[in-house]
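J.:
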Amino acid sequence: MRTIRGLVRYFNSKRILMPFGAAALLATATAAWAVAPTSVFEIDGDVLDDPTNTTADWNTLNGDCSAPGGGSVGSAGGSNTRTCIASEDPPRIFTQGGSKDPLDISQWHWKPADTVPDKDTITHGYAASYTATPGAAAISSGNKVVVMGGDRFAVNGDANIGAWFFQQNVTLNSNGTFSGVHVNHDVFLVSAFVNGGGTAVLTAYEWDNSCLKGVKSPPPGQCAETNLRLLGSSNTSAITNSSPISNEIWSYLAKFGGSTNTIPVGGFFEGGADLTALFAASGAGDVPCFSSFMLETRSSQEPSAVLKD
2 MRTIRGLVRY FNSKRILMPF GAAALLATAT AAWAVAPTSV FEIDGDVLDD PTNTTADWNT
62 LNGDCSAPGG GSVGSAGGSN TRTCIASEDP PRIFTQGGSK DPLDISQWHW KPADTVPDKD
122 TITHGYAASY TATPGAAAIS SGNKVVVMGG DRFAVNGDAN IGAWFFQQNV TLNSNGTFSG
182 VHVNHDVFLV SAFVNGGGTA VLTAYEWDNS CLKGVKSPPP GQCAETNLRL LGSSNTSAIT
242 NSSPISNEIW SYLAKFGGST NTIPVGGFFE GGADLTALFA ASGAGDVPCF SSFMLETRSS
302 QEPSAVLKD
């Protein structure tokens with residue numbers, strides 16, 4: 002897992018001028034139109050900004066992303082708020098059987114250890130939020146879109162990735178537990194690093210404690226698992242890099258050789274979701290304000306999968 006406190010640092014409304022809660026994901030009325038996440042951000046399988054495109058990419062937003070717990074960030078790139086976080090030493094990983102996404106944060110446990118498979122070890126995690134007008138690339142008032150991504154240490158196999166957007170300030174306790182609890186309408190996005198690269202399916206859920214159990218093959222708006230209601234995949238976009246990425250912005254070294262700061266095929270994932278459209282289509286109502294973010298790897302894309310890094 003990437004350190005939550007660093008992400009809170011930039012998404013906490015008390016610490017930034019353009020707060021994540023107040024500006025990026027302010028509660029919004031039901032929308033009838035969706036925004037393609039690619040209209041506000043370059044979800045194209047690399048981190049390099051295309052100068053011919055009016056939208057930004059991760060090398061614009063992330064800066065050197067060098068410090069565990071929250072590195073420095075680049076320019077806003079049209080975003081309301083953004084963050085990038087580097088690996089810890091030693092890594093902080095999930096532990097014990099209670100560390101699963103359908104369980105409340107108070108039941109999660111972590112420890113400092115380097116025992117997660119290298120293909121599931123996240124080296125950097127990043128996220129940003131945008132506000133966009135449906136049907137227009139210009140970033141102005143309208144739908145609330147989040148983008149997230151990460152790179153991993155090794156690419157010898159598929160890996161599954163998830164991202165939580167919490168309304169509470171979620172942090173790590175020194176005794177191996179987590180501080181904070183879920184609030185209804187926390188958002189969970191889950192997808193996969195595709196081995197060999199290519200497009201991926203990004204699925205969105207919301208936390209809903211009225212979901213006592215999941216149903217088989219639920220449509221959007223139905224319970225997919227205990228505490229998790231399916232928002233769907235129709236207003237999302239995701240991709241894994243299908244060619245090596247030369248990245249001179251933040252430090253990266255793959256396990257299996259290659260040039261320094263070159264992310265190998267299948268080592269980078271990015272995705273985005275129009276939360277306003279997803280909430281409206283599934284009947285979830287308004288998009289809430291979020292205070293913190295966490296990126297994780299998991300054993301599968303199933304909601305009840307075991308959490309790893």
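In terms of my numbering, the sequence shown opens at residue 2 and continues consecutively. By construction, the Cβ of each residue, glycine as well, lies at the ideal position given by its N, Cα and C atoms.
1) Would you list the one or two residues that DSSP bridges to Ile-240?
2) From what residue to what residue does the alpha helix (DSSP H) around Ala-164 run?
3) Let me make sure I understand the geometry here. Which of Asn-236, Thr-178, Asn-262 has the alpha-carbon closest to that of Pro-113?
4) Answer with buried or exposed for Ser-80, where buried requires no fewer than 16 other C-beta atoms within 10 angstroms of its C-beta.
5) Whole-angstrom Cβ separation of Ile-44 and Ile-240, contact assumed at under 8 Å?
6) Using the beta-carbon count (16 or more within 10 Å), is Leu-296 buried or exposed?
7) I'd like to know if the stretch 37-52 and the stretch 261-274 are in contact, where contact means that at least 3 CB-CB pairs between them fall below 8 Å.
8) Between the alpha carbons of Asn-174 and Gly-286, how many angstroms are there, rounded?
9) Can you have a look at Phe-291 and say buried or exposed, based on whether 16 or more other CB atoms are within 10 angstroms of its CB?
10) Would you call the stretch 153-166 in contact with the stretch 220-230, where contact means no fewer than 3 C-beta pairs closer than 8 Å?
11) Keeping to the same chain, check which residues put their C-beta closer than 6 Å to that of Cys-66; ignore five residues upstream and five downstream.
12) With a 10 Å radius around its C-beta and 16 neighbouring C-beta atoms as the bar for buried, classify Thr-172 as buried or exposed.
13) Where does Leu-213 sit, in a helix, a strand or coil, going by DSSP?
14) May I have a chain-ordered list of the alpha helix (DSSP H) segments no shorter than 4 residues that lie completely inside the stretch 104-152?
15) Quick one: measure Cβ to Cβ for Ala-35 and Arg-83, integer angstroms, because I've assumed they're closer than 8 Å.
16) Buried or exposed for Asn-54, going by 16 or more other Cβ atoms inside 10 Å?
17) On the three-state DSSP scale, how would you describe Cys-290?
18) Is the Cβ-Cβ distance between Ser-180 and Gly-233 less than 8 Å?
19) For Phe-280, name the three-state secondary structure that DSSP assigns.
20) If we count the other Cβ atoms within 10 Å of its Cβ and call it buried at 16 or more, is Ala-164 buried or exposed?
21) In this structure, does DSSP put Arg-299 in helix, strand or coil?
T.: Inspection of the coordinates gives the following:
1) Per DSSP, the beta-bridge partners of Ile-240 are Thr-200, Glu-271.
2) Segment 160-167 is the beta strand (DSSP E) holding Ala-164; no alpha helix (DSSP H) there.
3) Checking every option, the nearest Cα to that of Pro-113 belongs to Thr-178.
4) In this structure Ser-80 is buried. Its beta-carbon is surrounded by 16 or more other beta-carbon atoms within 10 angstroms.
5) Their Cβ separation, rounded to whole angstroms, is 6 Å, which keeps Ile-44 and Ile-240 in contact under 8 Å.
6) Buried, since its Cβ has 16 or more Cβ neighbours within 10 Å.
7) Contact between the stretch 37-52 and the stretch 261-274 is present, because at least three Cβ pairs lie under 8 Å.
8) Computed Cα separation, rounded: 33 Å.
9) Per the 10 Å Cβ criterion, buried.
10) No, they do not touch.
11) If we look at Cys-66 and ignore the five residues flanking it on each side, its Cβ neighbours are Gly-72, Cys-85, Ala-87, His-125, Trp-251.
12) With a 10 Å radius around the Cβ and a threshold of 16 neighbouring Cβ atoms, Thr-172 comes out exposed.
13) Three-state DSSP puts Leu-213 in coil, outside helix and strand.
14) Complete alpha helix (DSSP H) runs here, min 4: none at all.
15) Approximately 22 Å separates the beta-carbon atoms of Ala-35 and Arg-83; this is outside 8 Å, ruling out the contact.
16) Exposed is the call here.
17) Cys-290 sits in coil when the DSSP states are folded into three classes, being neither helix nor strand.
18) Against a cut-off of 8 Å, the Cβ pair of Gly-233 and Ser-180 comes out as no contact.
19) Note: Phe-280 maps to helix in three-state DSSP.
20) Around the beta-carbon of Ala-164, 16 or more other beta-carbon atoms lie within 10 Å, marking it buried.
21) Taken through DSSP and simplified to helix, strand or coil, Arg-299 comes out as strand.
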